[in-house]
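Chemist:
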Amino acid sequence: MKRRILCPTDFSKNAQNAIEYAVKLFKNETCVFYILNTYNAEPYTMELAIARDLEEFREKSIGGLRVILEWLSHDDNSRNHEFHVVSECGNLLDIIKTMVDKQDIEMVVMGTQGATNSRIEIFGSQTVLAMEEIRNCPVLAIPSKTIYKEIKEIVFPTDYRTTFKRREFQYLVDIAKMSNSSIVVLNVVNKNESLDEDQVTNKNLLKDYFEDLDYSFHTLKNKDVQAAINSFIESRGSDMVSFINRRHSFFGMILSRPMVKNLNYHTGIPVLALHEIRR
528 MKRRILCPTD
538 FSKNAQNAIE
548 YAVKLFKNET
558 CVFYILNTYN
568 AEPYTMELAI
578 ARDLEEFREK
588 SIGGLRVILE
598 WLSHDDNSRN
608 HEFHVVSECG
618 NLLDIIKTMV
628 DKQDIEMVVM
638 GTQGATNSRI
648 EIFGSQTVLA
658 MEEIRNCPVL
668 AIPSKTIYKE
678 IKEIVFPTDY
688 RTTFKRREFQ
698 YLVDIAKMSN
708 SSIVVLNVVN
718 KNESLDEDQV
728 TNKNLLKDYF
738 EDLDYSFHTL
748 KNKDVQAAIN
758 SFIESRGSDM
768 VSFINRRHSF
778 FGMILSRPMV
788 KNLNYHTGIP
798 VLALHEIRR
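Residues in the sequence shown are numbered consecutively from 528, following our numbering.
1. Looking only at its own chain, which residues have a Cβ that is under 6 Å from the Cβ of PHE538, when we skip the five neighbours before and after it?
2. Span of the beta strand (DSSP E) holding THR479?
3. Determine the DSSP secondary structure at TYR687, reduced to helix, strand or coil.
4. For VAL700, which of TYR736, GLU761 and ASN607 has the nearest alpha-carbon?
5. Kindly indicate which three-state DSSP category SER783 falls into: helix, strand or coil?
6. By the three-class DSSP mapping on this structure, what secondary structure does PHE759 have?
7. What residues in its chain sit with their C-beta under 7 Å from that of LYS672, if we drop five residues either side in the sequence?
8. Considering only residues of the same chain and omitting the five flanking positions on each side of LYS529, which have a CB-CB separation below 7 Å?
9. Does the separation of the CB atoms of VAL550 and ALA668 fall below 9 Å?
10. Determine the extent of the alpha helix (DSSP H) in which ASN749 is found, giving its start and end residues.
11. Report yes if the C-beta distance between VAL808 and LEU747 is below 9 Å; otherwise report no.
12. Would you give the residue range spanned by the beta strand (DSSP E) that LEU563 belongs to?
13. Would you identify the three-state DSSP class for PHE610, choosing helix, strand or coil?
14. In chain order, what residues of the same chain lie with their CB nearer than 7 Å to the CB of ALA657, ignoring the 5 residues before and after it?
15. Return the CA-CA distance between GLN753 and LYS692, expressed in angstroms with no decimal places.
16. Leaving out five residues before and five after ASP631 in sequence, what residues of the same chain have Cβ atoms less than 8 Å from its Cβ?
17. Report yes if the CB atom of SER709 is closer than 9 Å to the CB atom of ILE702, and no otherwise.
18. Under a three-way DSSP split, which group does TYR742 fall into?
19. Let me know the secondary structure DSSP gives GLU633 once reduced to three states.
20. May I ask you to report which of helix, strand or coil DSSP gives PHE770?
21. Pick out whichever of ILE562, HIS608 and TYR698 has its Cα sitting closest to the Cα of GLU803.
22. Whole angstroms are fine: how far does the CA of GLU547 sit from the CA of TRP598?
23. When the Cα atoms are used, what is the spatial distance from ASP723 to TYR687?
24. Whose C-beta lies closer than 6 Å to the C-beta of VAL612 among residues of the same chain, with five residues either side of it excluded?
25. Using CA atoms only, rank isn't needed, just tell me which of GLU695, THR536, LYS540 and ASN618 is closest to ILE674.
26. With H, G and I counted as helix, E and B as strand and the rest as coil, what does DSSP make of ALA642?
27. Just to confirm the assignment: which complete alpha helix (DSSP H) runs, minimum length 4, are found wholly within the stretch 686-732?
28. Helix, strand or coil for GLU680? Go by DSSP, reduced to three states.
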C-alpha cells in the first residue's frame, strides 16, 4: 500500500529542505508525494485587477512547481516514489485540510520558516497553525537548518495523565520501525511528585504499544517542563521529538506557539505532532 505524503511549499529553501527530508525519511517506502503550492491575490476593488493578479500568481505557482518536479526527478533515485504537484488558489490551511480528506493523506511535512526567513518566527505561523488545527493527520515540522540523518532516537514527552489509544501512535511506531530507532518516553515531574494509579496504568499501556520496539522510560525532576525537555534532547543528541496534540491536556498545551518555537530553536530537530483519536 502506498503512503501518501503532503509537502506544502512556498518555494523557499526551508520548504525545499522539508521536502528533501521527507523523501529521504521514506526512501525505502512506496510513497506518493503531493507537492502543494497555494496562492492568493491581495483584495482589490476592481475585479479585472484581481483576475490579472490571480493569473500571474497561478503561472508563477505552476512554474515553481515544475522546477521542484524537475529537481526531484534528478535528485530522488527511488523507484518507489511518485510525485504530483498541486497548485491551488486559496487559504493554505483550508486547502491542506481538503487535500488530507480527499487524497487520504497520512502525513503532512512542512518547513518551519516561510520565504521571509524571519528570525522572529522560529516556527512559521502556518506550520504552527497546521500542528494545532489539523486533527486527523500527523504533521511533521522540519527546522530550516536540519539536514537529514538516520533517525536513532525519538523522544516522546508525556505526563501519563490521559489514556492513550494504540492508533494514536501508529505513525510514531511506523517511523521507529522503518528507521530502526528507539523511542524514549520522558516524564517531567516536580521534586517530590510520584505517579498515581491512573498514571501507572497509562504508562503500562505504552509498554504494551511499544513492545516490539526498542524503548525506554526516563523521569526528570524540574518545574520548567520546557527547559527539561530541551536539556534532555540536547544532552542525548536525539533526532526527533513527538507529541500527541490534545486540546485539553497539559502536554497538548506544549504545542502552544512559544513552546514549539523554543523547542525548535534550542533543539533544531523535527517535531512530530500526532493527532488525538476521538473518544
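We put the beta carbon where it would ideally sit given N, CA and C, even for glycine.
Modeler: Considering the structure as presented:
1. GLY591
2. Only positions 528 to 806 of the chain appear in this structure, which leaves residue 479 out of reach.
3. coil
4. TYR736
5. In this predicted model, SER783 has a pLDDT of only 47, less than 50, meaning its place in the structure is not dependable; the value taken from the coordinates is given anyway. Of the three classes helix, strand and coil, the one that applies to SER783 here is coil, per DSSP.
6. helix
7. GLY795
8. THR557, CYS558 and VAL559
9. no
10. Looking at the DSSP string, ASN749 is not in any alpha helix (DSSP H), and its letter there is neither H nor E.
11. Residue 808 cannot be examined here, being either before or after the span of the chain that is shown, 528 to 806.
12. 558-566
13. strand
14. LEU620, ILE623, VAL635, MET637 and VAL666
15. 25 Å
16. ARG531
17. no
18. strand
19. coil
20. strand
21. TYR698
22. 10 Å
23. 9 Å
24. ILE562, LEU592 and LEU596
25. LYS540
26. Model confidence at ALA642 stands at a pLDDT of 49, short of 50, so the residue's coordinates are unreliable; what they give is reported in the following sentence. Of the three classes helix, strand and coil, the one that applies to ALA642 here is coil, per DSSP.
27. 697-706
28. strand
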